[in-house]
Each structure stands twice: as C-alpha cells, then as structure tokens.
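J.: Residues in the sequence shown are numbered consecutively from 449, following my numbering.
Positions of the beta carbon are idealized from the N, C-alpha and C atoms, including for glycine.
Source: prediction; values computed, not measured.
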Amino acid sequence: MKTVKFTAMKDGDREDYAFLTEYEIEYAAKTGDRLLDALVKLDEGLSGYKITRLGHSLQAATRAYRDGADTDWIACALLHDIGDIYAPYNHDEYAAAIVKPFVREQCTWVVEKHGDFQRLYYAHHLGGNRHAREKFADHLYFNDCDQFCERWDQSSFDPDYDTLPIDFFRPFVAEVFTRNAYDPAVIRAGERVALVNPEIASQRAGASA
Numbered sequence: 449m450k451t452v453k454f455t456a457m458k459d460g461d462r463e464d465y466a467f468l469t470e471y472e473i474e475y476a477a478k479t480g481d482r483l484l485d486a487l488v489k490l491d492e493g494l495s496g497y498k499i500t501r502l503g504h505s506l507q508a509a510t511r512a513y514r515d516g517a518d519t520d521w522i523a524c525a526l527l528h529d530i531g532d533i534y535a536p537y538n539h540d541e542y543a544a545a546i547v548k549p550f551v552r553e554q555c556t557w558v559v560e561k562h563g564d565f566q567r568l569y570y571a572h573h574l575g576g577n578r579h580a581r582e583k584f585a586d587h588l589y590f591n592d593c594d595q596f597c598e599r600w601d602q603s604s605f606d607p608d609y610d611t612l613p614i615d616f617f618r619p620f621v622a623e624v625f626t627r628n629a630y631d632p633a634v635i636r637a638g639e640r641v642a643l644v645n646p647e648i649a650s651q652r653a654g655a656s657a
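1. Is it true that the CB of A523 sits closer than 8 Å to the CB of V547?
2. Report all residues from its chain with a CB closer than 7 Å to the CB of A476; omit the five preceding and five following residues, and keep chain order.
3. For G638, which of E623, S603, L588 and E647 has the nearest alpha-carbon?
4. In chain order, what residues of the same chain have a beta carbon less than 7 Å from the beta carbon of G460, not counting five sequence neighbours either side?
5. Buried or exposed: which applies to V560, given that a residue is buried once 16 or more other Cβ atoms fall within 10 Å of its Cβ?
6. Tell me which residue opens and which closes the alpha helix (DSSP H) that Q554 is part of.
7. If we ignore side chains and look at the alpha-carbon of each, how far apart do V648 and L506 end up?
8. Taking 8 Å as the threshold, find out whether the stretch 591-604 comes into contact with the stretch 560-570 through three or more Cβ pairs.
9. For C593, report the span of its alpha helix (DSSP H) as first-last.
10. Residue range of the alpha helix (DSSP H) that L484 falls in?
11. Count the other C-beta atoms from every protein chain shown that fall within 10 angstroms of the C-beta of R511, then say buried if there are 16 or more, exposed otherwise.
12. Is A585 near R567, with beta carbons less than 8 Å apart?
13. Going by C-alpha to C-alpha distance, which of H528, A456 and D520 sits closest to A633?
14. Does DSSP classify T626 as helix, strand or coil?
15. Compute the Euclidean distance between the alpha carbons of I739 and T611, then round it to the nearest angstrom.
16. With C-beta atoms as the reference, is V644 less than 8 Å away from F550?
17. Buried or exposed for T556, please, with buried defined as at least 16 other CB atoms from any protein chain shown within 10 angstroms of its CB.
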C-alpha cells in the first residue's frame with residue numbers, strides 16, 4: 449500500500465488510517481530537524497538590527513544555556529521568534545503553538561506572552577503601551593516571562609557576544625521534539641522551574657563558540 453484508497457476522508461477505512469498513522473509518526477519524529485532548518489531562514493528575516501534574527505535566537509539560547517537553564521528553557525529561547533517569517537504580527541503565539549505539546553506549560557506560556565512583555569523596552573518610544581504585560585500581573589508565570597525577556601530576549605542583539613552555533617543546540621531540540629506529545633509528565637501544569645541554575649551555570653562556564 450503506497451497511498452490511501454479514498455479521495456474524501458469520510459470514505460476512509462481502518463486500513464487507510466492505520467497506514468496514515470505510521471507515516472505521521474515517522475514524519476513527526478523529524479520535527480526538530482525541520483524546525484532547525486526553518487530557523488536558519490531567520491537569517492533572511494527582518495533587518496535593521498545589529499544581528500540577524502537567527503543570530504538573536506542563537507544568542508538568546510546561548511544565554512539560557514550559560515545561565516544553567518534546563519532543556520525546555522533552552523529550546524524555547526532558541527525557538528521563541530521562529531514565527532517572525534510567517535506570522536510577524538503574532539509570532540509569539542505561532543511559536544507557542546509549535547512547542548506546546550512538548551514542553552512545560554510554564555515555558556509555553558512564556559513564549560506565547562513574550563511579545564507583550566517585550567513592549568516594556570520600546571512601546572513608549574512609538575506612542576504605545578509599554579505596560580501591556582500588567583494584564584497578566586497575577587499570573588503564576590508572570591515573573592518567569594519577565595526574567596525570560598530581561599535576561600535572554602531583550603539583551604540578545606549584541607554582535608560581539610560569544611554566541612554558540614546552531615549545531616550546538618541540536619541535541620536540545622531533538623530531546624524536546626522526540627517526546628510524547630502532551631505527556632502530563634512533560635507538561636507539568638502549574639509547576640515552575642527556575643530559569644537560572646547557578647550550579648549548572650558554573651559547570652557550563654567554559655562553553656564557547
């Protein structure tokens with residue numbers, strides 16, 4: 449069997465959908481590789497900054513790594529702006545939808561809301577509301593998003609920073625996207641994990657590009 453038998457989904461049978469499921473599982477297993485390929489396209493994205501959007505993403509992930517962050521945080525720092533090319537006006541929601549099945553709820557929320565939190569640094573210069581984040585002031589993960597933006601996002605536009613290359617992060621991305629989707633043991637709803645782990649950070653201090 450090389451293809452399904454149907455031309456309309458309502459006509460499919462058990463054999464058809466079992467066949468498709470095998471293909472889907474195989475395809476999903478390579479999601480991490482496809483995301484890294486897509487990330488490279490950020491080099492062709494929005495210009496005007498001192499570094500490319502790919503450079504920004506790698507730098508954010510590097511800072512997360514050097515802060516002793518865990519795999520979920522590192523992967524999310526790397527991928528937080530991956531929606532810039534295809535969803536420039538809701539890139540945060542786009543990225544959050546990608547990582548949601550495979551990382552902690554905490555990390556998904558931070559990725560989804562980081563656009564509002566980032567407004568603190570620039571919106572007032574353009575006549576906008578820099579305090580858009582305050583609508584989330586009582587949220588469990590508010591401080592995590594604040595720290596994510598302050599330590600890893602808004603600071604990661606430095607062309608002189610010793611940023612690690614994309615291949616360095618492949619194992620982290622692979623670990624995340626080979627997990628079982630929506631596994632409660634991964635999602636860990638309501639649980640907070642610190643962004644910074646000084647002990648692990650000291651062990652990683654020698655990592656260099």
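T.: The structure says:
1. As a position in the sequence shown, residue 547 is number 99, starting the count at 1. As a position in the sequence shown, residue 523 is number 75, starting the count at 1. If you check the CB distance, V547 and A523 come in under 8 Å.
2. Counting from one through the sequence shown, the residue named residue 476 turns up at place 28. Cβ within range, chain order: n/a, list empty.
3. On the sequence shown, position 190 is the one that residue 638 refers to. Minimum Cα distance to G638 is reached at L588.
4. Residue 460 sits at position 12 when you count from the first residue of the sequence shown. Within its own chain, the residues whose Cβ lies closer than 7 Å to the Cβ of G460, once the five positions on either side in sequence are excluded, are V452 and F454, listed in chain order.
5. Position 112 of the sequence shown, counted from the start, is the residue given in the question as residue 560. At residue 560 the sequence reads Glu, which differs from the Val that was named. Residue environment: E560 is assigned as buried (16 or more neighbouring CB atoms within 10 Å of its CB, all protein chains considered).
6. In the sequence shown, counting from the first residue as 1, residue 554 sits at position 106. Bounds of the alpha helix (DSSP H) holding Q554 are E553 to Q566.
7. For this step, residue 648 is matched to residue 200 along the sequence shown. For this step, residue 506 is matched to residue 58 along the sequence shown. Correcting the residue identity first, residue 648 is Ile in this sequence and not Val. Between I648 and L506, the C-alpha separation is close to 19 Å.
8. Touching, per the Cβ criterion.
9. Residue numbering aside, residue 593 sits at position 145 when the sequence shown is read from its first letter. Its alpha helix (DSSP H) spans residues F590 to Q595.
10. As a position in the sequence shown, residue 484 is number 36, starting the count at 1. For L484, the enclosing alpha helix (DSSP H) begins and ends at T479 to V488.
11. Residue 511 sits at position 63 when you count from the first residue of the sequence shown. The residue in question, R511, is buried, as its Cβ has 16 or more Cβ neighbours within 10 Å.
12. The residue given as residue 585 occupies position 137 in the sequence shown. The residue given as residue 567 occupies position 119 in the sequence shown. No; because the gap between Cβ atoms is not below 8 Å, this pair is not in contact.
13. Along the sequence shown, one-based indexing puts residue 633 at 185. Of the candidates H528, A456 and D520, the one whose C-alpha sits nearest the C-alpha of A633 is D520.
14. Position 178 of the sequence shown, counted from the first residue, corresponds to residue 626. DSSP places T626 in coil when its eight states are reduced to three.
15. The requested residue 739 is not part of the displayed model; the chain covers only 449 to 657.
16. Within the sequence shown, numbered from 1, the residue matching residue 644 stands at position 196. Within the sequence shown, numbered from 1, the residue matching residue 550 stands at position 102. No, these two residues do not count as a Cβ contact at 8 Å.
17. In the sequence shown, the residue the question calls residue 556 occupies position 108. Classification for T556: buried.
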